[in-house]
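S.K.:
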Amino acid sequence: MLTELLLQLSLAAIAVVANALSAFAGGGAGLVQLPALILLGLPFASALATHKLASVALGFGAAGRHWRASSLDQGLSLLVLLAGLPGVWIGASSVLALPDQIATAALGVLTLSLGVYSARRPELGQTDRVVHHNVIQKLIGVALLFAIGVLNGSLASGSGLFVTLWLVRWFGLSYTRAVAHTLILVGLSWNGTGALVLGFSGEIRWSWVPPLIVGSLIGGYLGAHLSIEKGSRLVKRAFEVLALLMGASLLVRSL
């Protein structure tokens, strides 16, 4: 009984920390939460499915704060959903067929690159930019969102950071607004789709879900509040640090 109570409290604490970091920096809950679930004894597929279901609560927690701040662009939000959800479904459906070590190493290199790219451009994402895309540029934007959706469905760790940077770089959002879109759209819709697909395989550890959801709600709200209050410059720094840490962590895990 005591062991189970300690486990539930540990899961809630892990979720609060992981999702507060994610909500503040624009992704990265999987950096803490997914490895923790694996270390606590879940196999990869079960940990991924359980993590995704719990991460939906991150979207709810962040949405409660960001909607009050009116941060979302409706047209861009629809584009993220239409482009990304098919990719999430494909990624989640094929996750067990992927060579995990190679995919994790590649994702680590890409994630490190995100942090370096952002750090080398001091003014990137400090304010919103007006961006006018032609048809080809719009298709490029959609294609990348689809590809990130596949990553989200199959590997979890790092995909939110990719969405955040792509919204900043290609669609002209500030880091604060990009984080709002990532948390609500990826947290609710993308992760919800991935959890649904993986849930049909019976991989979710249901007894672990309640403390993870409670922790995700609390962490999501706290992190979203901090990102709004502190502004894009500090959010940008948090994004870069988390991207570098996550990339290094993924490379180590792939060895």
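Add 17 to the 1-based position in the sequence shown for my numbering, that's all there is to it.
Glycine residues also receive a C-beta, built at the ideal position from the N, C-alpha and C atoms.
Considering just the uninterrupted stretch of the alpha helix (DSSP H) at residue 273, what are its terminal residues?
M.R.: The requested residue 273 does not occur in the structure, where the chain is confined to residues 18 to 272.
S.K.: Could you tell me whether the Cβ atoms of residue 132 and residue 261 are closer together than 9 Å?
M.R.: As a first step, residue 132 is located in the sequence shown; it is residue number 115 there, counting from the start. As a first step, residue 261 is located in the sequence shown; it is residue number 244 there, counting from the start. In contact: residue 132 and residue 261 (Cβ atoms closer than 9 Å).
S.K.: I want to know whether the stretch 191 to 200 touches the stretch 31 to 46 - three or more CB-CB distances under 8 Å.
M.R.: yes
S.K.: Can you tell me where the alpha helix (DSSP H) with residue 186 in it begins and where it stops?
M.R.: As a working mapping, residue 186 is identified with position 169 in the sequence shown. From DSSP, the alpha helix (DSSP H) with residue 186 extends over 176 to 186.
S.K.: Whose C-beta lies closer than 7 Å to the C-beta of residue 276 among residues of the same chain, with five residues either side of it excluded?
M.R.: This structure leaves residue 276 out entirely; the chain is present only between 18 and 272.
S.K.: What three-state label does DSSP hand residue 148 in the structure shown?
M.R.: Mapped onto the sequence shown, residue 148 falls at position 131. Coil at residue 148, not helix or strand.
S.K.: How many Å lie between residue 179 and residue 192 at the Cα?
M.R.: Within the sequence shown, the letter at position 162 stands for residue 179. Within the sequence shown, the letter at position 175 stands for residue 192. Roughly 12 Å separates the two Cα atoms.
S.K.: How would you write the range of the alpha helix (DSSP H) that residue 21 sits in, first residue to last?
M.R.: Numbered from 1 along the sequence shown, position 4 holds the residue referred to as residue 21. That run of the alpha helix (DSSP H) goes 19 to 42.
S.K.: Thinking just about the alpha-carbon of each residue, which of 97, 152 and 213 is nearest to the one in residue 68?
M.R.: If you number the sequence shown from 1, residue 68 lands on position 51. Out of 97, 152 and 213, 213 has the C-alpha closest to the C-alpha of residue 68.
S.K.: Write down the C-beta distance between residue 73 and residue 204 rounded to the nearest angstrom, noting that I regard them as a contact closer than 8 Å.
M.R.: If you number the sequence shown from 1, residue 73 lands on position 56. If you number the sequence shown from 1, residue 204 lands on position 187. A Cβ-Cβ separation of about 7 Å places residue 73 in contact with residue 204 under the 8 Å criterion.
S.K.: Less than 8 Å between the CB atoms is what I'm expecting for residue 143 and residue 249, so what's the real figure, rounded?
M.R.: For the purposes of this step, residue 143 is taken as the residue at position 126 of the sequence shown. For the purposes of this step, residue 249 is taken as the residue at position 232 of the sequence shown. Between the beta-carbon of residue 143 and that of residue 249 there is about 5 Å, and that keeps the pair under the 8 Å contact cut.
S.K.: What is the DSSP secondary structure of residue 254, counted as helix, strand or coil?
M.R.: Numbered from 1 along the sequence shown, position 237 holds the residue referred to as residue 254. Residue 254 falls in the helix class under three-state DSSP.
S.K.: Using a Cβ distance threshold of 8 Å, determine whether the stretch 93 to 111 contacts the stretch 154 to 173, with at least three qualifying pairs required.
M.R.: yes
S.K.: Taking the straight line between their C-alpha atoms, what separation do you get for residue 49 and residue 38?
M.R.: Looking up residue 49 in the sequence shown gives position 32. Looking up residue 38 in the sequence shown gives position 21. Spanning the two alpha carbons is a distance of roughly 9 Å.
S.K.: Near residue 105, what residues of its chain come up, given a Cβ to Cβ distance below 6 Å and the 5 sequence neighbours on each side ignored?
M.R.: Within the sequence shown, the letter at position 88 stands for residue 105. So the list reads 166, 169, 170, 207, 210 and 211, once near-sequence residues are dropped.
S.K.: Helix, strand or coil for residue 55, going by three-state DSSP, please let me know.
M.R.: Counted from its first residue, the sequence shown places residue 55 at position 38. Under the three-state reduction of DSSP, residue 55 is assigned to helix.
S.K.: Can you tell which of 94, 93, 215 and 123 has its C-alpha closest to the C-alpha of residue 109?
M.R.: In the sequence shown, the residue the question calls residue 109 occupies position 92. Restricting attention to 94, 93, 215 and 123, the CA atom closest to the CA of residue 109 is found in 215.
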